[in-house]
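Here the structure is laid out as structure tokens; the discussion comes afterwards.
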Amino acid sequence: MNILFAENSARNVTELKPETIKDLALGEIVDHVARKETEKKIISEIFRKIPADMEDIRFRQEIMLDFIENDTLAEELSEVLDKIQTLKDFESMKVAMLRQDNTLYVLLEKLRELTVYVNVTEEIVKSLKKHSVKSKGLCKLLEELDRIVSDAEFEDTKNDINIMLDELSNVRGAMVGVNFTPDLNVEEVAVVEFLPCRIRSKYKFAELAASMGRIINTGNTSTVTGIGPASGRVPDPLLVTMTPKIEKHLKGHFTTIKKAMSEHVKQDVSFITELLEGLTFYLAMARFARKLRDGGCQICMPQLDDTNGSFVMKDLYNVRLFMAHETNIVKNDFSFSPKENLYILTGPNRGGKTIIEQALGIISVMASIGSFVTASSCVGRPFRNVLTHFPVDENLTIHYGRLGEEAVRIREIVAEADERTLILFNETYSTTSATDGLYLSMDLLRVLKEFGTAAIFNTHIHELAKTIDEMNQWDGESDVVSIVMEIVNNVNTFRIKRSEPELKSYARNIAQKYEITYEQMIQNSKKV
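Position in the sequence shown counted from 1, then plus 1, gives you our numbering.
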């Protein structure tokens, strides 16, 4: 059962661009959320795919809320995750069995698979029943698993596993008879007999020799795990001769097991293994949510409404600040609506423009994939795509030049833009002249205004904000709004406010920071 999509969902998604993932540092967030590489791969895949159906987003929200609100349930199912991964690893062995591969190794692997399957299924049912889950997804999962556990076939499998394990538990040792040639080379293995006890040597020397043999073999064994002899190891002639004999006798010994196994080889474990990706995502994000709360940070589950054209956030913050152990995280309110969808953002260097812009992108993605968000409240219609245009590495502009590279990327971005898209521009057209940058920026914003696309245009082209009255005469429902990063008494507050660019304040702020005001330079020159 896939618990990432609602029942009967078409499972349509929009894949985020690699540039968006990089610009929003989503990989860094996933690294912080996941505990190991297998989790990173799964969570990264989910982060980059935004469901197209609102029902799928709500479906995920409900399940995640179950885990966030119930720590014990999350802890219990976290312990089950590794077993589900083990079960998934066994799937290839099942294919081998269906192809009539009757080797002893495959037989034992199938027994282990069935054992894990029975245990995992019963553990999940027990946890879900004990904690009274509310989400449609987990209630449906409990219903289906309860049906499986109550089925006579499942009970038969469980009973047969116990019988087979009991059969295996009786084997503790083997008595081997070997005939040697006059020069002590192995001639043949004459006898193999399985015993319910371990073999004890009557000679202390033999025990010592056996121990030395294990040590020598360990030293010669490759560190690479796997089946079969390690590369570079000299084959032991006795083991080479014994192996086919032992396997023959083992097959005979396990005839009962093979017969019982054949009745359960088609037991479908995929219902459980399909839970791996979803549970990994929900449990990791629930763990991260608790970490944020324990650190004094607010989170909320977005209240989504597909008929509401607005997207309103209160007390939003960039989660990367928490990850960087910042102690004084400034929060802001922000909203998009059909009437106010385009924002020109200006402010001083290191005044927080990129931080807030990135925060808006991260929250938009998290809301759209069905996660909690880093804000006190979030209401409205989530975006179906998030596109970014941040400064690119100069080494990547060799073919087009910086402006040419920007033009190519902007053309691709605009081609995907619509009324359900959020675009974040960061210092776009900053490498051209102020006059050219103004002209190009106005053309870009005019297209987006007509499309009804939401956008933040973070820029140092302050003259752009001076043309807002002209831009608001263009076609399109939304107005263009000028916002700035606030400065109070020449100190950055990292808060957003509605205002035209404060050119002198920005320059004065930067000059004081780097001690290049007239007064500072005169004072510093006297110290030299």
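Quick reminder that beta carbons are idealized off the backbone N, C-alpha and C, glycines included.
Subject >> Residues near Thr-468 by beta carbon distance below 8 Å, same chain, minus five either side >> reply: Leu-439 and Met-443
**OP:** Identify every run of the alpha helix (DSSP H) within the stretch 457-497, keeping only runs that are complete inside it and at least 4 residues long; order them along the chain.
**Re:** 469-472
Original post:
The alpha helix (DSSP H) spanning Met-65 covers which residue range?
Top reply: 55-70
Original post:
Counting along the chain, where does the alpha helix (DSSP H) carrying Cys-301 start and finish?
Top reply: From DSSP, Cys-301 is part of no alpha helix (DSSP H); its letter is neither H nor E.
**OP:** Look up Leu-425 in the DSSP assignment and say whether it is helix, strand or coil.
**Re:** strand
Original post:
Taking Cβ to Cβ, would you say Ala-287 is nearer than 8 Å to Met-65?
Top reply: yes
Subject >> Assigned secondary structure, Gly-381 (DSSP; H/G/I helix, E/B strand, else coil) >> reply: strand
Original post:
Who are the Cβ neighbours of Phe-155 in its own chain at under 6 Å, not counting the five residues just before and after it?
Top reply: Ile-149
Original post:
Nearest-angstrom Cα distance between Arg-410 and Ile-462?
Top reply: 20 Å
**OP:** Compute the Euclidean distance between the alpha carbons of Phe-60 and Val-313, then round it to the nearest angstrom.
**Re:** 21 Å
**OP:** Decide if Gln-304 is buried, meaning its Cβ has at least 16 other Cβ atoms within 10 Å, or exposed.
**Re:** exposed
**OP:** Give the secondary structure of Ala-325 by DSSP, where H, G and I count as helix, E and B as strand, and everything else as coil.
**Re:** coil
Subject >> Beta-carbon gap between Ile-488 and Glu-358 smaller than 8 Å >> reply: no
**OP:** Report yes or no: do the stretch 13-23 and the stretch 45-63 share at least 3 C-beta pairs separated by less than 8 Å?
**Re:** yes
**OP:** For my contact list, Ala-285 and Ile-44 are in at a C-beta cut-off of 8 Å; report their separation, rounded to the angstrom.
**Re:** 6 Å
Subject >> Collapsed DSSP secondary structure at Tyr-318 in the structure displayed >> reply: coil
Subject >> Three-state class that DSSP yields for Phe-272 in the structure shown >> reply: helix
Subject >> the ligand ATP heavy atom lying under 7 Å from the CB of Ser-128 >> reply: Of ligands this structure carries none, so the ligand ATP is not represented either.
Original post:
For the candidate residues Phe-6, Met-324 and Asp-476, whose alpha-carbon lies nearest to that of Val-34?
Top reply: Met-324
Original post:
What does Ala-455 pair with, by DSSP beta-bridge criteria?
Top reply: Leu-423
**OP:** Mind reading off the beta-carbon distance from Thr-422 to Leu-388? Whole number of angstroms is fine, and I expect it under 8 Å.
**Re:** 6 Å
**OP:** Please list, in chain order, all residues of the same chain as Asp-307 whose beta carbon is under 6 Å from its beta carbon, the five residues on each side excluded.
**Re:** Met-55 and Arg-382
**OP:** Measuring alpha carbon to alpha carbon, tell me which of Gly-279, Leu-446, Glu-8 and Leu-27 ends up nearest Ile-363.
**Re:** Leu-27
Subject >> Test item: CB-CB of Leu-280 and Leu-82 under 8 Å >> reply: yes
**OP:** Name the one or two DSSP bridge partners that Val-366 has.
**Re:** None, per the DSSP bridge assignment.
**OP:** Return helix, strand or coil for Asp-184, following the three-state DSSP convention.
**Re:** coil
Original post:
Which residue comes first and which comes last in the alpha helix (DSSP H) that contains Ser-48?
Top reply: Note that residue 48 is Phe in the sequence shown here, rather than Ser. Taken as a continuous stretch (DSSP letters only), the alpha helix (DSSP H) holding Phe-48 covers 38-48.
**OP:** Just the C-alpha distance for Met-302 and Thr-158, rounded to the nearest angstrom, thanks.
**Re:** 42 Å
Original post:
Per the contact definition of three or more C-beta pairs closer than 8 Å, is the stretch 67-74 in contact with the stretch 3-17?
Top reply: no
Original post:
Do you know offhand how far Glu-478's Cα is from Arg-447's?
Top reply: 12 Å
**OP:** Could you check the C-alpha separation between Asp-480 and Arg-496 for me, to the nearest Å?
**Re:** 22 Å
**OP:** For Ser-336, count neighbouring C-beta atoms within 10 Å of its own C-beta (all shown protein chains included) and say buried if the count is 16 or more, exposed if not.
**Re:** exposed
**OP:** Put Tyr-344 into one of helix, strand or coil per three-state DSSP.
**Re:** strand
**OP:** Mind checking who Ile-149 pairs with in its DSSP beta bridge?
**Re:** Ile-149 pairs with nothing; no bridge assigned.
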